[in-house]
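See below for the structure under consideration.
Number of protein chains: 2
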Amino acid sequence: MYFIAGVDIGGTAIKVGIFKSSDLELLSTFSIETPKKDPQGLDIFEDIIKGLKTHFSELNFEFKDLIGISLAVPCPVVEGYVTLAANLPWKNINVVNEMKKRLSNENILVCAINDANAAVMGENFLLDTPAKNLVFFTLGTSIGGGIIVNSQLLEGVHGYSGEFAHMIVDYRDKKVCGCGQKGCLEHKCSTAAVLEYAKELVEIKKMPSILDFKNLTVRGIFDNVSIDKVSKKVFDRYCKYLAICAANIALIIDPEIFIIGGGISHAGDPLIKNIKKYYNKYARFNSKSIPFVLAKRRNQAGIFGTVCYLKQFLG
Amino acid sequence: MYFIAGVDIGGTAIKVGIFKSSDLELLSTFSIETPKKDPQGLDIFEDIIKGLKTHFSELNFEFKDLIGISLAVPCPVVEGYVTLAANLPWKNINVVNEMKKRLSNENILVCAINDANAAVMGENFLLDTPAKNLVFFTLGTSIGGGIIVNSQLLEGVHGYSGEFAHMIVDYRDKKVCGCGQKGCLEHKCSTAAVLEYAKELVEIKKMPSILDFKNLTVRGIFDNVSIDKVSKKVFDRYCKYLAICAANIALIIDPEIFIIGGGISHAGDPLIKNIKKYYNKYARFNSKSIPFVLAKRRNQAGIFGTVCYLKQFLG
Numbered sequence: 066m067y068f069i070a071g072v073d074i075g076g077t078a079i080k081v082g083i084f085k086s087s088d089l090e091l092l093s094t095f096s097i098e099t100p101k102k103d104p105q106g107l108d109i110f111e112d113i114i115k116g117l118k119t120h121f122s123e124l125n126f127e128f129k130d131l132i133g134i135s136l137a138v139p140c141p142v143v144e145g146y147v148t149l150a151a152n153l154p155w156k157n158i159n160v161v162n163e164m165k166k167r168l169s170n171e172n173i174l175v176c177a178i179n180d181a182n183a184a185v186m187g188e189n190f191l192l193d194t195p196a197k198n199l200v201f202f203t204l205g206t207s208i209g210g211g212i213i214v215n216s217q218l219l220e221g222v223h224g225y226s227g228e229f230a231h232m233i234v235d236y237r238d239k240k241v242c243g244c245g246q247k248g249c250l251e252h253k254c255s256t257a258a259v260l261e262y263a264k265e266l267v268e269i270k271k272m273p274s275i276l277d278f279k280n281l282t283v284r285g286i287f288d289n290v291s292i293d294k295v296s297k298k299v300f301d302r303y304c305k306y307l308a309i310c311a312a313n314i315a316l317i318i319d320p321e322i323f324i325i326g327g328g329i330s331h332a333g334d335p336l337i338k339n340i341k342k343y344y345n346k347y348a349r350f351n352s353k354s355i356p357f358v359l360a361k362r363r364n365q366a367g368i369f370g371t372v373c374y375l376k377q378f379l380g
Numbered sequence: 066m067y068f069i070a071g072v073d074i075g076g077t078a079i080k081v082g083i084f085k086s087s088d089l090e091l092l093s094t095f096s097i098e099t100p101k102k103d104p105q106g107l108d109i110f111e112d113i114i115k116g117l118k119t120h121f122s123e124l125n126f127e128f129k130d131l132i133g134i135s136l137a138v139p140c141p142v143v144e145g146y147v148t149l150a151a152n153l154p155w156k157n158i159n160v161v162n163e164m165k166k167r168l169s170n171e172n173i174l175v176c177a178i179n180d181a182n183a184a185v186m187g188e189n190f191l192l193d194t195p196a197k198n199l200v201f202f203t204l205g206t207s208i209g210g211g212i213i214v215n216s217q218l219l220e221g222v223h224g225y226s227g228e229f230a231h232m233i234v235d236y237r238d239k240k241v242c243g244c245g246q247k248g249c250l251e252h253k254c255s256t257a258a259v260l261e262y263a264k265e266l267v268e269i270k271k272m273p274s275i276l277d278f279k280n281l282t283v284r285g286i287f288d289n290v291s292i293d294k295v296s297k298k299v300f301d302r303y304c305k306y307l308a309i310c311a312a313n314i315a316l317i318i319d320p321e322i323f324i325i326g327g328g329i330s331h332a333g334d335p336l337i338k339n340i341k342k343y344y345n346k347y348a349r350f351n352s353k354s355i356p357f358v359l360a361k362r363r364n365q366a367g368i369f370g371t372v373c374y375l376k377q378f379l380g
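Residue numbers (this note's numbering), protein chains in the order written: chain U, 66 to 380; chain B, 66 to 380.
Here it is as structure tokens:
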């Protein structure tokens, strides 16, 4: 039996899935914290290989039977090359080559795909009838996206298609984003932005709240929407800016469906309903009719899609 | 010799081109004012046929040799059906059927395509090497657009792809647009919005200006940018909001090239340079590198592309 690994690299955690290479059956998963020691982010590759080796030995799998590693990366990537990653220290780096260099076995096929493109491939593959035009949002540390147009992945020319986090939703915004620009969706809907806004409401606006600010998470906030006014306000702002972004995308892509995935999508139906409520406010013409649904694989879509992507090179 | 007519219906004027059907050679053009008498906009079809008949007789062409009419319409259209047009009185109307009803010859093939999609087809056809991913803006009474992705026209599912005029560029804007929503690009960059802003600067902000407000046109304003401060301010606002819109589109479509067409593109290189200046301010990552070029056919792209579209049904 041969294996391939799907690796989904996020700003906070790296998720890994070990798949049977023949039929893409998911055999095992593990997760490691994204290392932050190396200023160039090269420790990411080392920690992935270390994690894979440990996990293979725990499962009694032979590491030499690993024939492919597919990286889903949280940034634009063209043929392995990453110019800049907003949430990782990578700059002008070929992530495929860096991974290959550190592997003793030269026969392991390594490839890289944008994480949201990976997710959209995985999710569309899992639909009963794959969509012709589809827009996928991954809600996590940041906001990613993947697009299918005319039944094909929209990869774009420079690798920027689906970089929804940096769409301008409020050009008057003065805060400077990790990308160097202002007014990005990221500044309203990243994990950091959500937590900061909750703190601002309590500390500066002096709103009373039941939230525990020592262990605050986005999930913790979204779970308290029905009983806590701060949580409701934070949740509404999140859905509002996401909806503005989706309303604009609808006028460009005009999809059959919006799919919402990523870790934050575990907030479930109340999240979908609230996004849809704001979407109906901002959507133009009858693009209001486009449905929003939860991703089936949620935060596993990245590892699933990335092996779908690699599989096409294995022949 | 057989003929086909390409008809580009705008909010202000209707442009018509008569083409040789065999090789799409443009034989003659004429233009009529968009009629505004009928509250349902049915006079549009009557005036087009009247204009065609008059023009055919002037050219000594036989009207019975007209074998196709292709309509480029300034609104979403799916199989001839228009739900709503922001700049025309059409509502829930099948424009293909309305046209056919008024023609004595049932053999004339009639089809309809969004005007910006028509333009993008025409422009891409005219490039030395057609682009794989391309975004086209038509700057006229309003702002239209057409998109090519993976070498195919992006038509979308409901006919809304490329409706750039209604993208939200300033969601805090209070003015209500023709589409019923707020914050649209149309409210900053339509002909009406440009003229209104110029008047506001002079009448309310009391800025001195050499502009002749009795016969004011967008072209008149853009031609005076180097010598008139009001014109410069109006021109800059126009380019700024168009650039914000383009910066967002770049993160979705990630094209090789932006092409600028439509009547206002006759302002030429200074317009392209100023859009690019603002685009460089708002574009994320190195999507700044995407070039902006003037359309080759400018305001003839619509009539040219619409016959390219019809030609495929003629076989």
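In this text, a Cβ means the ideal position worked out from N, Cα and C, and glycines have one as well.
Collapsed DSSP secondary structure at residue i in the structure displayed
| i | result |
| --- | --- |
| B/Phe323 | strand |
| B/Val358 | strand |
| U/Glu98 | strand |
| B/Ser122 | helix |
| U/Thr371 | helix |
| U/Asn179 | strand |
| B/Thr203 | strand |
| B/Tyr146 | strand |
| U/Ile269 | coil |
| B/Lys240 | coil |
| B/Val283 | helix |
| U/Leu174 | strand |
| B/Asp73 | strand |
| B/Val214 | strand |
| B/Ile337 | helix |
| U/Cys140 | coil |
| U/Leu379 | helix |
Supposed close pair residue i, residue j - CB separation, criterion 8 Å
| i | j | result |
| --- | --- | --- |
| B/Thr371 | B/Thr206 | Rounded, the Cβ-Cβ distance is 17 Å, inconsistent with contact. |
| U/Ile134 | U/Val175 | 5 Å |
| B/Asn339 | B/Phe278 | Actually they do not touch by this definition, with Cβ atoms about 23 Å apart. |
| B/Asn182 | B/Leu153 | Contact flag wrong, Cβ pair sits at about 17 Å. |
| B/Asn313 | U/Asn313 | 6 Å |
| U/Ser445 | B/Ile318 | Not covered by the structure: residue 445 of chain U. The range shown for chain U is 66 to 380. |
| B/Thr94 | B/Lys80 | 7 Å |
| B/Ser86 | B/Ile69 | 5 Å |
| U/Gly145 | U/Asn170 | The pair is not a contact, with the Cβ atoms about 18 Å apart (cut-off 8 Å). |
Between the CA atoms of residue j and residue i - distance to the nearest angstrom
| i | j | result |
| --- | --- | --- |
| U/Lys361 | U/Ser291 | 25 Å |
| U/Gly211 | U/Pro139 | 12 Å |
| B/Asp108 | B/Lys101 | 8 Å |
| U/Gly75 | U/Ala150 | 11 Å |
| U/Asn125 | U/Leu117 | 12 Å |
| U/Phe369 | U/Leu307 | 25 Å |
| B/Arg302 | B/Lys253 | 8 Å |
| B/Lys353 | U/Gln246 | 12 Å |
| B/Ser296 | U/Asn179 | 44 Å |
| B/Leu375 | U/Ala263 | 56 Å |
| B/Leu276 | B/Lys270 | 15 Å |
| U/Glu251 | U/Leu266 | 19 Å |
| U/Arg237 | B/Asp235 | 8 Å |
| U/Val241 | U/Asn280 | 26 Å |
Nearest to residue i (by Cα), restricted to the options the options
| i | options | result |
| --- | --- | --- |
| B/Ala332 | B/Cys310, B/Gly285, B/Gly367 and B/Ser354 | B/Gly285 |
| B/Ile97 | B/Asp88, B/Val72, B/Ser86 and B/Leu91 | B/Val72 |
| B/Val143 | B/Lys376, B/His223, B/Asn152 and B/Glu268 | B/His223 |
| U/Leu316 | B/Ser86, B/Ile233 and B/Tyr347 | B/Ile233 |
| B/Phe381 | B/Asp130, B/Gly106, B/Gln105 and B/Pro104 | Within the shown structure, residues of chain B are numbered from 66 to 380, placing residue 381 of chain B beyond reach of any answer. |
| B/Val214 | B/Ala196, B/Phe229 and B/Lys156 | B/Ala196 |
| U/Ala348 | B/Cys249, B/Lys294, B/Met272 and B/Tyr67 | B/Cys249 |
| B/Pro104 | B/Val185, B/Ala366 and B/Ile158 | B/Ile158 |
| B/Ile132 | B/Val147, B/Phe357 and B/Leu89 | B/Leu89 |
| U/Ala230 | B/Val160, B/Phe350 and B/Ser330 | B/Phe350 |
| U/Cys304 | U/Gly328, U/Thr282, U/Leu336 and U/Val283 | U/Leu336 |
Any C-beta of chain C under 8 Å from that of residue i
| i | result |
| --- | --- |
| U/Gln217 | Absent from the structure is chain C; the protein chains it does hold are U and B. |
Is there contact between the segment 188 to 207 of chain U and the segment 196 to 203 of chain B, where contact requires at least three CB pairs shorter than 8 Å? The segment 188 to 207 of chain U makes no contact with the segment 196 to 203 of chain B; the number of CB pairs closer than 8 Å stays below 3.
Does the segment 307 to 326 of chain U touch the segment 190 to 199 of chain U, meaning 3 or more C-beta pairs lie closer than 8 Å? Segments in contact, yes.
Using a Cβ distance threshold of 8 Å, determine whether the segment 252 to 261 of chain B contacts the segment 273 to 287 of chain B, with at least three qualifying pairs required. Under the three-pair Cβ rule at 8 Å, the segment 252 to 261 of chain B counts as touching the segment 273 to 287 of chain B.
Is it a yes or a no for the segment 341 to 351 of chain B touching the segment 294 to 314 of chain B, going by three-plus beta-carbon pairs under 8 Å? Three or more Cβ pairs closer than 8 Å define a contact, and the segment 341 to 351 of chain B meets that threshold against the segment 294 to 314 of chain B.
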